[in-house]
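J.: Counting from 1 along the sequence shown, just add 17 to a position and that's the residue number in my numbering.
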Amino acid sequence: MSIDHVKPRLDHAHVRELLKAMIRIRHFEDKCAELYSREKIRGFLHLYDGEEAVAAGIIPLLSPQDRVVATYREHGHALMRGVPMGRVLAEMYGKAEGCAGGRGGSMHMFSRDHNFYGGNAIVGGGLPLAAGLALADRMQRAEAVTACFFGEGAVAEGEFHESLNLAALWDLPVLFVCENNGYAMGTALDRSESQTDIHAKAASYGIDSHVVDGMDIVAVEGAARKALKAIADSGKPQFLECRTYRFRAHSMFDAQLYRPKEEVADWRAKGPIVRFQTWAEENHLLRAGEVDDITAEVDAEIAEAVAFAESGTEEPVADLAKYVMSPDRPAPPEVAPPGKPVTTTYRAAVRASIIDAMTRDPRVFLMGEDVGRYGGCYAVSKGLLDQFGEDRIRDTPLSESGFTGAGIGAAIAGMRPIVEVMTVNFSLLALDQILNTAATFRHMSNNQFGVPVVIRMATGAGRQLAAQHSHSLEGWYAHIPGLRVLAPATLEDARGMLWTALEDPDPVLIFENVMLYNREGELAENAGSVDIDRAVVRRAGTDISLITYGGSLFKTLEAAEALAQEGIDAEVIDLRSLRPLDRETILSSVRKTRRAVMVDEGWKSGSLAAEIGMILAEEAFWDLDAPLARVCSAEVPIPYAGHLEQAAIPQVAEILATARRVMGATP
Numbered sequence: 018m019s020i021d022h023v024k025p026r027l028d029h030a031h032v033r034e035l036l037k038a039m040i041r042i043r044h045f046e047d048k049c050a051e052l053y054s055r056e057k058i059r060g061f062l063h064l065y066d067g068e069e070a071v072a073a074g075i076i077p078l079l080s081p082q083d084r085v086v087a088t089y090r091e092h093g094h095a096l097m098r099g100v101p102m103g104r105v106l107a108e109m110y111g112k113a114e115g116c117a118g119g120r121g122g123s124m125h126m127f128s129r130d131h132n133f134y135g136g137n138a139i140v141g142g143g144l145p146l147a148a149g150l151a152l153a154d155r156m157q158r159a160e161a162v163t164a165c166f167f168g169e170g171a172v173a174e175g176e177f178h179e180s181l182n183l184a185a186l187w188d189l190p191v192l193f194v195c196e197n198n199g200y201a202m203g204t205a206l207d208r209s210e211s212q213t214d215i216h217a218k219a220a221s222y223g224i225d226s227h228v229v230d231g232m233d234i235v236a237v238e239g240a241a242r243k244a245l246k247a248i249a250d251s252g253k254p255q256f257l258e259c260r261t262y263r264f265r266a267h268s269m270f271d272a273q274l275y276r277p278k279e280e281v282a283d284w285r286a287k288g289p290i291v292r293f294q295t296w297a298e299e300n301h302l303l304r305a306g307e308v309d310d311i312t313a314e315v316d317a318e319i320a321e322a323v324a325f326a327e328s329g330t331e332e333p334v335a336d337l338a339k340y341v342m343s344p345d346r347p348a349p350p351e352v353a354p355p356g357k358p359v360t361t362t363y364r365a366a367v368r369a370s371i372i373d374a375m376t377r378d379p380r381v382f383l384m385g386e387d388v389g390r391y392g393g394c395y396a397v398s399k400g401l402l403d404q405f406g407e408d409r410i411r412d413t414p415l416s417e418s419g420f421t422g423a424g425i426g427a428a429i430a431g432m433r434p435i436v437e438v439m440t441v442n443f444s445l446l447a448l449d450q451i452l453n454t455a456a457t458f459r460h461m462s463n464n465q466f467g468v469p470v471v472i473r474m475a476t477g478a479g480r481q482l483a484a485q486h487s488h489s490l491e492g493w494y495a496h497i498p499g500l501r502v503l504a505p506a507t508l509e510d511a512r513g514m515l516w517t518a519l520e521d522p523d524p525v526l527i528f529e530n531v532m533l534y535n536r537e538g539e540l541a542e543n544a545g546s547v548d549i550d551r552a553v554v555r556r557a558g559t560d561i562s563l564i565t566y567g568g569s570l571f572k573t574l575e576a577a578e579a580l581a582q583e584g585i586d587a588e589v590i591d592l593r594s595l596r597p598l599d600r601e602t603i604l605s606s607v608r609k610t611r612r613a614v615m616v617d618e619g620w621k622s623g624s625l626a627a628e629i630g631m632i633l634a635e636e637a638f639w640d641l642d643a644p645l646a647r648v649c650s651a652e653v654p655i656p657y658a659g660h661l662e663q664a665a666i667p668q669v670a671e672i673l674a675t676a677r678r679v680m681g682a683t684p
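(1) Is residue 255 helix, strand or coil by DSSP?
(2) Indicate the three-state DSSP secondary structure (helix, strand or coil) for residue 620 in the structure shown.
(3) Sorted by chain position, which residues of the same chain lie with C-beta nearer than 7 angstroms to residue 297's C-beta, five sequence neighbours on each side aside?
(4) Start and end of the alpha helix (DSSP H) containing residue 654?
(5) Considering Cα atoms alone, identify which of 179, 516 and 535 is closest to residue 5.
(6) Express the C-alpha separation of residue 352 and residue 508 in angstroms, rounding to a whole number.
(7) Return the chain-ordered list of same chain residues with a C-beta closer than 6 angstroms to the C-beta of residue 520, the five sequence neighbours on each side being excluded.
(8) Let me know the secondary structure DSSP gives residue 227 once reduced to three states.
(9) Take residue 46 and list the residues in its own chain whose beta-carbon comes closer than 7 angstroms to its own, dropping the five residues that flank it on each side.
(10) Could you compute how far the alpha carbon of residue 362 sits from the alpha carbon of residue 550?
(11) Touch check for the stretch 178-185 and the stretch 407-416: three-plus C-beta pairs under 8 angstroms?
(12) What do you reckon, are the CB atoms on residue 354 and residue 548 nearer than 8 angstroms?
(13) For a minimum of 3 consecutive residues, which ranges assigned as the beta strand (DSSP E) are wholly contained in the stretch 278-347?
(14) Hey, how far is the Cα of residue 603 from the Cα of residue 523?
(15) Could you pull the start and end residues of the beta strand (DSSP E) that residue 213 belongs to?
(16) I want to know whether the stretch 475-486 touches the stretch 606-613 - three or more CB-CB distances under 8 angstroms.
(17) Within 8 angstroms of any Cβ in chain D, is that where the Cβ of residue 476 sits?
(18) If I follow the unbroken alpha helix (DSSP H) through residue 518, where does it start and stop?
(19) Alpha carbon to alpha carbon, how far is residue 685 from residue 648?
(20) Taking 8 angstroms as the cut-off, decide whether the C-beta atoms of residue 81 and residue 132 are in contact.
(21) Measure the beta-carbon distance from residue 234 to residue 73 and round it to whole angstroms, keeping in mind my assumption that it falls under 8 angstroms.
(22) Suppose the cutoff is 6 angstroms on Cβ atoms and the five residues either side in sequence are ignored; what does the same chain contact list for residue 441 look like?
(23) Is the Cβ-Cβ distance between residue 672 and residue 573 less than 8 angstroms?
(24) Helix, strand or coil for residue 110? Go by DSSP, reduced to three states.
(25) Specify the secondary structure class of residue 634 as computed by DSSP and reduced to three states.
(26) Looking at residue 164 and residue 154, is the spacing between their C-beta atoms short of 8 angstroms?
(27) Run through DSSP, which three-state label would residue 177 get?
(28) With 16 as the cutoff for other CB atoms within 10 Å, does residue 676 come out buried or exposed?
(29) Please classify residue 679 as buried or exposed, where buried requires at least 16 neighbouring CB atoms within 10 angstroms.
(30) Quick one: what's got a C-beta closer than 6 angstroms to residue 654's C-beta in the same chain, skipping five residues either side?
(31) Rank 29, 173 and 143 by C-alpha distance to the C-alpha of residue 85 and give the top, closest one.
(32) Which residues does DSSP list as the beta-bridge partners of residue 563?
(33) Across which residues does DSSP place residue 383 in a beta bridge pair?
(34) Residue 474 by DSSP, collapsed to three states: which one?
(35) Let me know if residue 229 comes out buried or exposed under the rule of 16 or more other beta-carbons within 10 Å of its beta-carbon.
(36) Could you give the distance in angstroms between the alpha-carbon of residue 503 and the alpha-carbon of residue 147?
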């Protein structure tokens, strides 16, 4: 970013440029509205009509290395960032030639070539992403700014406050731009906010904040120049509240019953184009007939864009699953012969893996609640702050969506963050960022952006922490395409999965069962990365397959040994990876033993065990000699009382009883 002068130079060339930029956006969207009525464009269509001065006054000031995060009303932002109009319209047509291959549509446009990180259909969803992109630039000492656009409706979202707090706390180079158009969908600002002065909200976080007449492109550009200069000088965030107005409906489905037509007409009379054009003509900064020339140039470009979109091709249905995950994953790691064994714990193995990763790769850093001075809720990161410093062992506020989204943004920008969410139940506060950003970004952007973030969290019951801290939700996350979900149970996996995950180009969630942290055992001193794609047979057997993962593995192994005393030879499969499941290992085992029991600490309804059972029913039904069975947690919130908690989760006795019942069944 480089701003050589703060005040706009309103010579003829610049005046023409500003006016053309706004007319270009307005006429393009007028055409989009027409095409929508003809059903060429479908889904939601949110038009920028009336707000053109904001994008046109700010985005051209950004340098190529600066980043732009937009909203679902982002056509004007994309055009001003330089994304070709034909590719923008082709995206809205859902064509393969679109700027996101037709995968994102009107609300999700992307362009890696233009550092355009897309629109976001989630209100406020782009704010944590912007904080993370800026965090990566700060940590990599890049001279870049992230400009983040959002509407006034987003200020009611927690992610707004979490992101502003992070930006102010960490001095992140973000230009926050609130396009205050008066209505969040159909709700007027004074009906949804007790404090309608939005810039005051930003100022409360210590961010330099200004109100701008968003209908005056000269005022917008001037304020943006000052803000960008301030960021360049200080490295700290800036906030602009651009008070504007959208002339059209919230989306093309909107009947606009919430505001009078007279109000819209009043605002149209002082709209940014008519206002600037009138001023320019009165001050003789436009030649006679020049507006007609501009309009003709714009309309010709629009006609070309329509022809381009109309002639575009549809992506083959065979490519439906393309780019859900990266096509360029590294090969599975080579496992060295084990060296001298040393006695250690699961906790120490995880800590060693973090130290190893941070020592090898300067892009790796750890962030999360109490990971620094406290040493982590489960003491995994104890001592790492002294070893690596506050920049790389980064304590965060208690704002799971904000810091998880920031980690996702940092990963997109080239860092390799390890995000620690203290416990799995807290991850639900970050579910929006995990589900709607991390899991979708590669696919929606047509492989332009990947999210190589690792998110760790403690999971499971057994410590008498009652219902709100004893969940086993890893099966829920295993339901989401675009994620890898791991459940290390052994010391080797606790030590080795993290490094492999950090080399993965896609988001990886690692669930560490709370009952394993103190588990002690021997681990090779040269233990390294492990294959995160394959299940492992932990005990070979011929009579029955016991399929499990995580905290239930050692209970299942204990049950298998007890079964052996009864003459039942049980095979124990440690899934390790819950998404994707290693179907080959599961099916191979069950086709051999012809019986199966799934052991899963999640609740039975909608469980991972049910998914595995259905895989076996679909692909190995005729190989079975007995009905399938499963052992899951009871359908209750996990109780506090110790005896009730133990009764609620899978135990050795229940695994034994279920296996015996399956063995006693006749084919």
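No residue lacks a Cβ here, since even glycine has one placed at the ideal position from N, Cα and C.
T.: Well, looking at it:
(1) In this structure, residue 255 counts as strand in the three-state DSSP scheme.
(2) It is a strand residue.
(3) Closer than 7 angstroms at Cβ, skipping near neighbours: 32, 36 and 303.
(4) Counting along the chain, no alpha helix (DSSP H) covers residue 654, and no H or E run does either.
(5) Nothing can be reported for residue 5, as the shown portion of the chain is limited to 18 through 684.
(6) Rounded to the nearest angstrom, the two C-alpha atoms are 15 angstroms apart.
(7) Here residue 520 has 347 as same chain residues with Cβ atoms under 6 angstroms from its own Cβ, once five neighbours each way along the sequence are excluded.
(8) Correct three-state label for residue 227: strand.
(9) The beta carbon of residue 46 lies closer than 7 angstroms to those of 64, 65, 66 and 92 in the same chain, with the five residues before and after it left out.
(10) So the alpha carbons of these two residues sit roughly 24 angstroms apart.
(11) Taking 8 angstroms as the limit for Cβ pairs, the verdict is that the stretch 407-416 does touch the stretch 178-185.
(12) Annotated as distal: residue 354 and residue 548, with beta-carbon spacing of 8 angstroms or more.
(13) You should have found no qualifying run.
(14) Rounded to the nearest angstrom, the two C-alpha atoms are 24 angstroms apart.
(15) From DSSP, residue 213 is part of no beta strand (DSSP E); its letter is neither H nor E.
(16) Contact fails: fewer than three Cβ-Cβ distances are below 8 angstroms.
(17) Protein chains in the displayed structure number just one, and chain D is not present.
(18) Taken as a continuous stretch (DSSP letters only), the alpha helix (DSSP H) holding residue 518 covers 508-519.
(19) The structure shown has nothing for residue 685, since the chain only spans 18 to 684.
(20) Between residue 81 and residue 132, the CB-CB gap stays under 8 angstroms.
(21) Residue 73 and residue 234 do touch by the CB rule: their CB atoms are close to 6 angstroms apart, below 8 angstroms.
(22) So the list reads 474, 476, 488 and 490, once near-sequence residues are dropped.
(23) Contact: yes.
(24) For residue 110, the secondary structure class from DSSP, reduced to helix, strand or coil, is helix.
(25) Annotated three-state conformation of residue 634 is helix, per DSSP.
(26) No, they are not a contact pair.
(27) Looking at residue 177 - three-state DSSP - the assignment turns out to be helix.
(28) The residue is buried, with at least 16 neighbouring Cβ atoms inside 10 Å.
(29) Taking a 10 Å sphere around the C-beta of residue 679, we find 16 or more other C-beta atoms and assign the residue as buried.
(30) Taken in chain order, the residues that qualify are 484.
(31) For the residues 29, 173 and 143, the minimum Cα distance to residue 85 belongs to 143.
(32) Under the DSSP definition of a beta bridge, residue 563 partners with 589 and 614.
(33) For residue 383, which the question treats as bridged, DSSP gives the partners 410 and 435.
(34) If DSSP states are grouped into helix, strand and coil, residue 474 belongs with the strands.
(35) Using a 10 angstroms sphere on the CB of residue 229, the tally of other CB atoms reaches 16 or more, which defines it as buried.
(36) Those two C-alpha atoms are separated by around 27 angstroms.
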